[in-house]
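Just so you know, we're using full-length UniProt numbering here: the sequence shown kicks off at 1 and counts up by one.
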Amino acid sequence: MDMQAIPAREGNHNLKNYEDFRKTFSWESVEKNFSWHETGKVNMAYEAIDRHADNPDKKDKIALLYSDPNREEKVSFDELRLQSNQFANVLKKYDVQKGDRVFLFMPRSPEFYQAFFGILKIGAIAGPLFEAFMEQAVGDRLENSEARVLITTPDLLYRIPQDRLPHLEKIVLVGAHEEEGDQYIDFDSEMKEASTDFDIVWVDREDGMLLHYTSGSTGKPKGILHVHNAMIQHYATGEWVLDLEEDDIYWCTADPGWVTGTSYGIFAPWLHGVTNVIRGGRFSPDDWYKTLQDNHVTVWYTAPTALRMLVSHGEEKVREYDLSALRHILSVGEPLNPEVITWGLKAFDLRIHDTWWMTETGAQVIVNIPSLEIRPGSMGKPIPGVEASIVDNEGNEIPPNQMGNLAIKAGWPSMMREVWNNKGKYESYFINGWYVSGDSAYRDEDGYFWFQGRLDDVINTSGERVGPFEVESKLIEHPAVAEAGVIGKPDPERGEIIKAFITLNPGHEKSDELLEEIRQFIKKELSAHAAPREIEVKDSIPKTRSGKIMRRLLKSWELGLPTGDTSTLEE
Ligand code: WT7
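Structure representation (structure tokens):
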């Protein structure tokens with residue numbers, strides 16, 4: 001769809017003269033905002049929390065504006081400093097060391113953020129897991145990372161396969177419980193006893209800080225390691241892209257189990273010392289508009305799937321709320337439909353700024369900013385300090401308006417530094433000095449990037465990456481399923497839905513009950529968002545002669561597209 005460009009926003013904003021600024025920019029200039037530029041002693045928790053708590057003008061400012069349907073809490077920078085010190089002391093008591101992996105598996109809550117910064121303060125690596133994960137998904141991640149400590153809530157405990165986790169020494173339980181045994185630590189009582197003084201463990205800028213698991217098309221999820229140095233890019237994009245100002249009230253809707261919920265739900269806003277709204281509970285249009293209204297949110301970072309749902313509830317719903325504080329909206333996770341941008345202009349009288357990046361990039365890379373025109377359907381332009389391009393399979397740049405691999409010149413500050421325990425996988429991302437994203441795109445003559453799709457078989461459902469292999473592996477664990485092939489099928493609200501093709505083992509008959517049972521099986525073992533919305537029983541699943549499932553062929557069949565080259569198809 002070709003739509004007219006939307007002109008740059010009037011008025012003042014943080015990044016003006018994009019083209020000129022880009023030309024002379026160096027990351028050094030951003031590093032100078034941090035004292036570690038001189039001392040070499042760095043810790044993200046200090047820069048995001050303690051630095052503001054040390055500032056008499058800022059220490060009592062509200063850092064965290066938390067609410068969920070049952071609870072409301074306001075936490076100042078100083079309180080968050082003291083609470084995270086306490087948690088760091090709890091970890092110290094149990095001998096947690098720099099570099100150890102400490103995981104969090106719990107819903108958003110004030111305790112989550114206390115624990116999160118406590119982990120960073122002791123120099124350990126934090127691993128947040130989305131609360132919807134079920135046993136297999138949780139087990140795989142804790143096993144691969146060899147996590148020593150896990151922080152969770154008593155009602156999630158049943159999803160932790162402790163038997164298969166020899167490295168997991170301690171489980172910290174947040175909330176009332178009756179667990180007994182040496183492995184359990186009670187959050188409330190330990191926090192009460194813990195000192196509010198803690199000497200931050202200073203680390204190297206290249207030391208590990210955060211481990212996020214993400215899905216690929218083959219194999220188990222990969223642990224993407226980020227280091228403290230990433231703060232440079234979180235800070236810079238917080239200024240240029242989120243356009244943050246001292247008095248902003250900021251809301252990022254993402255859960256910290258995903259990278260958006262850490263890079264932009266934790267780091268970017270707090271590096272800038274702004275008040276950060278965290279809303280727990282489930283999505284509903286009324287709840288979200290009310291959250292925007294009641295907290296006087298000024299800057300709002302959300303996702304296309306949510307925006308599409310808001311669109312479907314109409315502009316009238318927006319009018320029921322006073323959203324006059326809102327001044328800047330951003331989106332990430334999947335393509336932002338031009339129709340949604342058009343609707344946003346009417347409904348909020350604001351442009352919606354698409355941003356492109358991924359778990360591996362650690363921070364925004366290609367963006368729309370207030371001072372650039374928006375070309376609806378385009379992800380925008382690379383941030384200053386980052387070079388993006390379209391390359392062929394050998395890593396050679398290709399001319400404008402031709403589709404190819406979306407690639408980024410390796411070495412930006414927030415780039416992943418490791419795929420946990422998998423050097424080969426890490427190296428496979430880089431070709432000829434370029435990080436190759438797995439997305440296809442083209443660049444127009446003016447340097448705007450246009451997303452075209454994924455090049456691998458990874459499914460993007462409601463903004464969440466699901467690896468087809470993980471779902472297929474789980475499907476064939478069900479006694480009725482012989483073989484399985486899983487694809488993403490385009491869906492107007494969710495971007496894609498998961499569709500599974502299966503063959504049945506002898507003795508099993510196709511029925512609606514059986515298909516529902518299989519669906520529930522995935523939901524129960526893996527996670528709700530990985531459960532196929534559609535399951536189709538086939539006589540056989542197309543495979544290559546080497547036994548690889550031909551997902552692309554399944555997809556072509558499903559969409560009624562030409563099947564292309566099938567010469568490797570097994571007889
Ligand atoms: C994949 C990364 C870090 C953001 C949350 C998702 C897709 C992301 C866009 C966009 C079109 C997008 C890509 C990318 N994606 N943003 N603005 N337009 N597609 O992080 O789970 O690592 O997924 O999400 O396919 O590769 P993620």
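The beta carbon of each residue, even a glycine, is placed where N, CA and C say it ideally should be.
In this text, all values refer to a predicted model and were calculated from it rather than measured experimentally.
Same chain, Cβ closer than 7 Å to residue i, five either side skipped, listed in chain order
i	result
N14	E239, W240 and D243
G265	C252, A254 and P256
R164	G139 and E143
M1	With a pLDDT of only 44 at M1, under the threshold of 50, the placement of this residue in the model should not be trusted; the figure read from the coordinates follows. The answer, listed in chain order, is P338 and G377.
G467	S215, G216, S217, P221 and V458
V96	V102, I122, A124, R148 and V149
V340	P304, L307, R308, V311 and I352
H228	V42, N43, M44, V203, R205, D207 and M209
Y426	E418 and V419
G11	none
For residue j and residue i, believed in contact at Cβ under 8 Å, the rounded distance
i	j	result
V138	R159	5 Å
L225	R417	5 Å
F25	P384	4 Å
D349	N368	Contact flag wrong, Cβ pair sits at about 17 Å.
N460	E517	Going by Cβ atoms, the distance from N460 to E517 rounds to 27 Å, so no, they are not a contact pair.
I232	E31	6 Å
F449	A410	With a Cβ gap of about 18 Å, F449 and A410 do not count as contacting.
M415	T361	7 Å
G447	K499	At roughly 36 Å, the Cβ-Cβ gap does not stay under 8 Å, so G447 and K499 are not in contact.
L292	Y321	7 Å
Which residues DSSP lists as bridging residue i, in chain order
i	result
G453	S440
T214	K222
P382	I366
I374	I6
Y435	I408 and F430
W356	I366
G126	A small correction: the amino acid at residue 126 is Ala; Gly does not occupy that position in the sequence shown. A126 pairs with V102 and L210.
F133	S527
E534	K499
S389	A407
E397	V391
N460	R465
E418	L225
T361	According to DSSP, T361 bridges with nothing at all.
K543	I549
Closer than 8 Å: residue i CB and nearest the ligand MG heavy atom
i	result
G438	Looking for the ligand MG in the displayed structure turns up nothing; the ligands present are the ligand WT7.
Residues of its chain near residue i, where Cβ-Cβ distance is below 6 Å and the 5 sequence neighbours each way are ignored
i	result
N405	V391 and V436
M3	P338 and P376
Q114	Q83, S84 and F87
P154	L173, G175 and H177
P196	The residue you asked about is not Pro; residue 196 is Thr in the sequence shown. Counting only Cβ-Cβ distances below 6 Å, and skipping sequence neighbours, we find L82, N85 and Q86.
E536	F501
R22	P384
E246	none
Residues of its chain near residue i, where Cβ-Cβ distance is below 8 Å and the 5 sequence neighbours each way are ignored
i	result
M309	F283, P285 and E493
R9	R351, P370 and S371
G344	L307, I329, L350, R351 and I352
>> Can you confirm whether the stretch 374 to 388 touches the stretch 36 to 46 when touching is taken to mean that 3 or more C-beta pairs between the two stretches lie within less than 8 Å?
In response: no
> In chain order, which alpha helix (DSSP H) runs of at least 4 residues are fully inside the stretch 18 to 104?
Replying inline: 18 to 24, 28 to 31, 36 to 39 and 77 to 93
>> Give the list of continuous alpha helix (DSSP H) stretches no shorter than 4 residues that lie fully inside the stretch 465 to 516.
In response: 468 to 475
>> Under 8 Å: do the stretch 256 to 264 and the stretch 55 to 68 share three or more Cβ pairs, one atom per stretch?
In response: no
> Is there contact here, the stretch 294 to 310 with the stretch 133 to 149, by at least three beta-carbon pairs under 8 Å?
Replying inline: no
> Along the chain, which unbroken stretches of the beta strand (DSSP E) at least 3 residues long are found entirely within the stretch 246 to 270?
Replying inline: Runs of the beta strand (DSSP E) spanning 3 or more residues and lying entirely within the stretch 246 to 270 occur at 249 to 252, in chain order.
> Any contact of the stretch 207 to 223 with the stretch 85 to 104, i.e. 3+ C-beta pairs under 8 Å?
Replying inline: Yes, the stretch 207 to 223 is in contact with the stretch 85 to 104.
>> Pairs of beta-carbons, one from the stretch 527 to 545 and one from the stretch 481 to 495, closer than 8 Å: are there three or more?
In response: yes
> So does the stretch 265 to 285 actually touch the stretch 323 to 338, counting three or more Cβ pairs closer than 8 Å?
Replying inline: no
> Between the stretch 128 to 137 and the stretch 527 to 534, do three or more beta carbon pairs fall short of 8 Å?
Replying inline: yes
> Between the stretch 428 to 446 and the stretch 460 to 474, do three or more beta carbon pairs fall short of 8 Å?
Replying inline: no
>> As an exercise, report each continuous beta strand (DSSP E) stretch of at least 3 residues that is fully enclosed by the stretch 276 to 338, in chain order.
In response: Listed in chain order, they are 299 to 302 and 328 to 331.
>> If we require 4 or more residues per run, which alpha helix (DSSP H) segments fall completely within the stretch 138 to 210?
In response: 187 to 193
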